[in-house]
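Engineer:
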Amino acid sequence: MDKRRKRKGGQRSKRGILLDHDDDARGDLHNFQGPRKTLHDYFIDLSGKRASVREEALSTILKALTLNIEQKFVELNFVTLVYQCLHSIKKGSPTEMKQAAHIIGLLSMITTSVEKVHEAYEDVLTALSQGGLKPKLKTLEILGCLTVVTFFGASNSDETESVMKLLWDLIHPGTDSSIERKDSPAVLTAMISAWSFLLSTIDGWRLSHKNWQGAITYFSIILDSNDEALCAAACEALALVFESNCLEKFTSATKDSNKGLKDNIIKQLRSRLSETGNERISSQDPRTGFNSASAALDFLEDEKCANSHVTIGGQKLILSTWSQKVQLKFLKHFLGNDGFVKHMMENENFHSVFDFLPERRNAWGNVLYVPEREEVTISLFQPMVARHNDCSLLPLLTRDKQLAKKKTMSPNSHLSKARTQLLKKQRDLSLKEREIDCFDY
666 MDKRRKRKGG QRSKRGILLD HDDDARGDLH NFQGPRKTLH DYFIDLSGKR ASVREEALST
726 ILKALTLNIE QKFVELNFVT LVYQCLHSIK KGSPTEMKQA AHIIGLLSMI TTSVEKVHEA
786 YEDVLTALSQ GGLKPKLKTL EILGCLTVVT FFGASNSDET ESVMKLLWDL IHPGTDSSIE
846 RKDSPAVLTA MISAWSFLLS TIDGWRLSHK NWQGAITYFS IILDSNDEAL CAAACEALAL
906 VFESNCLEKF TSATKDSNKG LKDNIIKQLR SRLSETGNER ISSQDPRTGF NSASAALDFL
966 EDEKCANSHV TIGGQKLILS TWSQKVQLKF LKHFLGNDGF VKHMMENENF HSVFDFLPER
1026 RNAWGNVLYV PEREEVTISL FQPMVARHND CSLLPLLTRD KQLAKKKTMS PNSHLSKART
1086 QLLKKQRDLS LKEREIDCFD Y
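Position one of the sequence shown corresponds to residue 666 (the working numbering), numbered consecutively onward.
Pasting the structure below:
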């Protein structure tokens, strides 16, 4: 018996050092933790069968893309991530659906590939246009996903306007008022904000003449709403409409009637602001710091958008148009304050949208690189050739013009190559900055 016990104990000790009867070993087993999961591990977990595993993976990826951007991870896994997130939207739980929709929006604003983000736009629009998924458009996260993907992925104004029309049919269903009554003020506010966000990307003269008739009248009616957020969304929409300087696209009234319509809106705004008792503090948006109703009133009266600014990473971002203010407000709401600051400082797509180039700093706050000017210069040598004033040299003159055009406009020109080198240098500096940050304890 003793030999058998010793043999069993020996087998047990060979299988694992933690399977000992000693109390200390049991404590070590209880406190043992495996290797920390990487972002790629969570990416693999998206294919798991258990909903809880997928939700944890989506939550982790969502947080990483919001606060850390993870550019390389996005570029390598973009297509698969979009496909899996669309599957979660179609088949997953409500939590999965909301997280997946938000991730698709983040992917579209992070990737630098025009082809990938446009493909994502087409896939999302196709999926959400289907009968079974169309009711999900009234989910706030789905609205945000579709709007952000369109903002970054639509290749022309027609594609943007097609999504705007999809939203408008939900906002203003026409004679079928039963649809509108079912929507909460929060959902209606989100739909109007999404519509305005996309309108801010289109020049007024490109808009359709028939899609938006009656929009001014509809938004002016909403100004009397008791919901402050809904009223603010209507104010922003009206300000964008008047900023487009194409009122004929939004109303069938004549120019004289348009002036009367504008005067009525001004009266409505004055009346609403006088009821609050404090024009400048009431209804102030915490994300932008300005009162939409008050700012819209000033804009309609002065016919000029007053400059405002926000501070990002110690730098001022000047907002001189209503389009910029609406875009900032929407993206800041989508990302949250911390996420928005992170993307403004490191996301190249945001730099292009807001014409914002941040200072490069290391972990100790020292400036690594402050761009004084964005300029590329090239020097070309062309030998002097003696020419005579005769018509036989006309082909040479034409060739000189073609050569000059090739030097400045061709994608393979020295100027284009130098500009590409400049952008690569800026990306390398950004990577160096992140490497330095890794050693900041």
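Glycine included, C-beta positions come from ideal geometry on N, C-alpha and C.
From K801 to L793, what does the alpha carbon distance come to, in whole angstroms?
Structural biologist: 8 angstroms
Engineer: Which ranges would you report for the alpha helix (DSSP H) in the region 807-851 if only whole runs of at least 4 residues count?
Structural biologist: Qualifying alpha helix (DSSP H) stretches, in chain order: 822-836 and 843-847.
Engineer: Does the region 903-910 come into contact with the region 861-871, if we say contact requires no fewer than three beta-carbon pairs (one atom in each stretch) closer than 8 angstroms?
Structural biologist: yes
Engineer: Just to confirm, is the Cβ distance from L772 to V747 under 8 angstroms?
Structural biologist: yes
Engineer: Can you grab the Cα-Cα spacing for the pair N891 / K990, in whole Å?
Structural biologist: 23 angstroms
Engineer: Run through DSSP, which three-state label would I931 get?
Structural biologist: helix
Engineer: Starting from I881, trace the alpha helix (DSSP H) in both directions and tell me its first and last residue.
Structural biologist: The continuous alpha helix (DSSP H) containing I881 extends over residues A880 to I887.
Engineer: Between the region 737-746 and the region 967-974, are three or more C-beta pairs nearer than 8 angstroms?
Structural biologist: no
Engineer: Rounded to whole angstroms, what is the Cα-Cα separation between L751 and S939?
Structural biologist: When rounded, the distance between both Cα atoms is 47 angstroms.
Engineer: For P700, I'd like the list of residues in its chain whose CB is within less than 7 angstroms of its CB, leaving aside the five on either flank, ordered along the chain.
Structural biologist: none
Engineer: Helix or strand or just coil, what does DSSP make of T804?
Structural biologist: The answer is coil: DSSP assigns T804 none of H, G, I, E or B.
Engineer: How many whole angstroms separate the CB atoms of I881 and L903, which I take to be in contact at a CB cut-off of 8 angstroms?
Structural biologist: 7 angstroms
Engineer: Leaving out the 5 sequence neighbours to the left and right, which residues in its chain are closer than 6 angstroms to S957 when beta-carbon positions are compared?
Structural biologist: Taken in chain order, the residues that qualify are A897, C900 and E901.
Engineer: What separation, rounded to the nearest whole angstrom, lies between the Cα atoms of G1001 and Q764?
Structural biologist: Looking at the two C-alpha atoms, the distance is approximately 15 angstroms.
Engineer: Excluding the 5 residues flanking H695 on each side, which residues of the same chain have their C-beta closer than 8 angstroms to its C-beta?
Structural biologist: In this prediction, H695 scores a pLDDT of 44, lower than 50, which makes its location untrustworthy; no coordinate-derived value is stated.
Engineer: For T703, which of G713, T725 and E787 has the nearest alpha-carbon?
Structural biologist: T725
Engineer: Can you look up S758 in the DSSP assignment and give me helix, strand or coil?
Structural biologist: coil
Engineer: Please confirm whether I887 and W860 have their CB atoms less than 8 angstroms apart.
Structural biologist: no
Engineer: Quick check: the Cα distance between E787 and K799, rounded to an integer number of angstroms?
Structural biologist: In this model, E787 and K799 are separated by some 15 angstroms (Cα to Cα).
Engineer: Taking DSSP as the reference, what is the three-state secondary structure of T916?
Structural biologist: coil
Engineer: Determine the burial state of K981: buried for a count of at least 16 other Cβ atoms within 10 Å of its Cβ, exposed for fewer.
Structural biologist: exposed
Engineer: Which ranges does the alpha helix (DSSP H) cover as unbroken runs of at least 4 residues, wholly within the region 729-780, from first to last along the chain?
Structural biologist: 736-756 and 759-775
Engineer: What's the gap between the Cα of K1089 and the Cα of E780?
Structural biologist: 20 angstroms
Engineer: Determine the burial state of T745: buried for a count of at least 16 other Cβ atoms within 10 Å of its Cβ, exposed for fewer.
Structural biologist: exposed
Engineer: Which one or two residues does DSSP pair with I726 in a beta bridge?
Structural biologist: In the DSSP output, where bridge partners are listed per residue, I726 has none listed.
Engineer: Starting from the Cα of E720, find the closest Cα among F708, V814 and T731 and give me that residue.
Structural biologist: F708
Engineer: DSSP state of N956, grouped into three classes?
Structural biologist: strand
Engineer: For G978 and I734, what's the separation of their Cα atoms in angstroms?
Structural biologist: 17 angstroms
Engineer: Helix, strand or coil: how does DSSP classify C709 here?
Structural biologist: Note that residue 709 is Ile in the sequence shown here, rather than Cys. I709: helix per DSSP, three-state reduction.
Engineer: Where does Q980 sit, in a helix, a strand or coil, going by DSSP?
Structural biologist: strand
Engineer: S822 to Q736, Cα distance in whole Å?
Structural biologist: 27 angstroms
Engineer: If we ignore side chains and look at the alpha-carbon of each, how far apart do F884 and T825 end up?
Structural biologist: 21 angstroms
Engineer: Just reading off the alpha helix (DSSP H) that D1003 is part of, what are its end residues?
Structural biologist: W987 to E1011
Engineer: For the ligand PLP, any of its heavy atoms closer than 7 angstroms to the Cβ of E966?
Structural biologist: This structure does not include the ligand PLP; it has no bound ligands of any sort.
Engineer: In the structure shown, what three-state DSSP assignment does S873 receive?
Structural biologist: coil
Engineer: Our contact map puts S753 next to L730 with C-beta atoms below 8 angstroms; I'd like the distance itself, whole angstroms only.
Structural biologist: Rounded, the Cβ-Cβ distance is 15 angstroms, inconsistent with contact.
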